[in-house]
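Student:
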Amino acid sequence: MKNIIQIISGLLLCSSLWGQQLPLTESYFVDKYALSSAYAGNSDNKSLFASYRRDWSGVSTGPRTFRLSYHDGFQSKAGIGGKMVFDKTGIFQQFFGMATYTYRTEFVQDHFLFFGLSAGLYRNTLNFSNYYNDPNFTTDPTMINKDVKSKMKFVSDFSMVYSFKGIETGIMFTNINFGEASYSDVSVKYRPLSNYQIHASYTYALQQNWAFSPIVILRGGKDIGSQLEIAAQASYRKIVWASLIHRGKGVLGFGIGANPLKGIVFNYNYNLSSNITVNAFQNHEITLGLKLGEFLMKKEPVQVN
1 MKNIIQIISG LLLCSSLWGQ QLPLTESYFV DKYALSSAYA GNSDNKSLFA
51 SYRRDWSGVS TGPRTFRLSY HDGFQSKAGI GGKMVFDKTG IFQQFFGMAT
101 YTYRTEFVQD HFLFFGLSAG LYRNTLNFSN YYNDPNFTTD PTMINKDVKS
151 KMKFVSDFSM VYSFKGIETG IMFTNINFGE ASYSDVSVKY RPLSNYQIHA
201 SYTYALQQNW AFSPIVILRG GKDIGSQLEI AAQASYRKIV WASLIHRGKG
251 VLGFGIGANP LKGIVFNYNY NLSSNITVNA FQNHEITLGL KLGEFLMKKE
301 PVQVN
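Residue 133 in this note's numbering sits at position 133 of the sequence shown, with consecutive numbering throughout.
1. Kindly give me the distance between the Cβ atoms of SER243 and PHE29, rounded to whole angstroms, as I take these residues to be in contact under 8 Å.
2. Can you give, in chain order, each stretch of the beta strand (DSSP E) that sits fully within the region 30-106 and has at least 3 residues?
3. Tell me, which residues are paired with GLY255 by DSSP?
4. Taking only the alpha-carbon atoms, compute the straight-line gap between THR287 and MET98 and give it to the nearest angstrom.
5. Taking only three categories from DSSP, how would you classify GLY220?
6. Identify the residues that DSSP records as bridge partners of LEU354: which are they?
7. Assign GLN208 to buried or exposed, taking buried as 16 or more other Cβ atoms, counted over all protein chains shown, within 10 Å of its Cβ.
8. Just to confirm my understanding: we take TYR236, look at its own chain, exclude 5 residues before and 5 after, and list those with CB closer than 7 Å. What are they?
9. Taking one C-beta from the region 36-44 and one from the region 152-172 each time, how about it: are there three or more such pairs within less than 8 Å?
10. Cα separation between VAL59 and LEU272?
11. Using only CA atoms, which one of VAL216, ASN283, THR102, ASN275 lies nearest to LEU113?
12. How would you label ALA40, buried or exposed, when you count the other beta carbons within 10 angstroms and need 16 or more for buried?
13. Indicate the three-state DSSP secondary structure (helix, strand or coil) for GLY248 in the structure shown.
14. When you compare only the Cα positions, how much space is there between LYS88 and PHE66?
15. GLU106: buried (16+ other C-beta within 10 angstroms of its C-beta) or exposed?
16. Nearest to LEU48 by alpha carbon, out of TYR122, ALA119, GLU285, VAL265?
17. Please classify GLN109 as buried or exposed, where buried requires at least 16 neighbouring CB atoms within 10 angstroms.
18. Determine the extent of the alpha helix (DSSP H) in which GLU26 is found, giving its start and end residues.
19. Buried or exposed: ALA231, going by 16 or more other Cβ atoms within 10 Å of its Cβ?
20. Measuring alpha carbon to alpha carbon, tell me which of TYR202, LYS83, GLY79 ends up nearest SER51.
21. May I ask you to list the residues that DSSP assigns as paired with ARG123?
22. If I follow the unbroken alpha helix (DSSP H) through GLY293, where does it start and stop?
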């Protein structure tokens, strides 16, 4: 435990919180690992999730994000996980894959701390060919090569979550990195993503079948304006659910989902902005999940009299 804290402290001291904002997701009600790495092995274990998000769907160059993740418990107090994210916005494409290790401790009865540490690789790609199709540019080597890729960079994140009887609050410093991403073909440097995120949530049981879960999320970083997100979900027996969301200045949205079959999860989120033309700003996110732990649960043997 002492060694983990020393490693985390070193990462935080060597990093600076600035850069481009991390690709957004609103699948955190069904996949807590998408919200914070500290939830790997500390939420629905043996879970495989895939999601596709289309931001600014009225604009052809709007962001598109694909995510794939899996996590599970390990031994009695640890967890492991892995995630891959591919994001494309205009001429920029970025990919990173990360592995996660978590540790859980109960410092007082029913009071838990989850610690998460992730590490992986990051690469950014510039695709100039989408914009420069004029024959006059063919002599420029940056236009002949369709993709200009950066060198692979090391990235990591650290997260911590406090949990007590349905109350959860946490902080995450995400994509801590060392140095800039440079390109071998062009004289361009790009600083990988680097943000912080704070969240607080509470799950309240309404009678026996219903549950209500509000959450508040604050995101930011150096050279990035802070952004407040407020959302709430109501669920019935964890079979069907619906959520509402408000983010930043004027972004409104809703989500619906279901667990129609044992261990199979479907979730859909939609956003629009009250400050921008609806046809331009529409965000759609679809998430599919397999809770393998429910598939692998042993059935009770049938007793024969």
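We treat Cβ as the ideally placed atom computed from N, Cα and C, and that holds for glycine.
Tutor: The relevant details are as follows:
1. 6 Å
2. 47-54, 64-74, 78-89
3. SER243, ASN269
4. 19 Å
5. strand
6. Limits of the chain in this structure are 1 at one end and 305 at the other, which puts residue 354 out of reach.
7. exposed
8. ASN209, TRP210
9. yes
10. 13 Å
11. THR102
12. buried
13. coil
14. 9 Å
15. exposed
16. VAL265
17. exposed
18. Where GLU26 is concerned, there is no enclosing alpha helix (DSSP H), given that its DSSP letter is neither H nor E.
19. buried
20. LYS83
21. PHE95
22. 292-295
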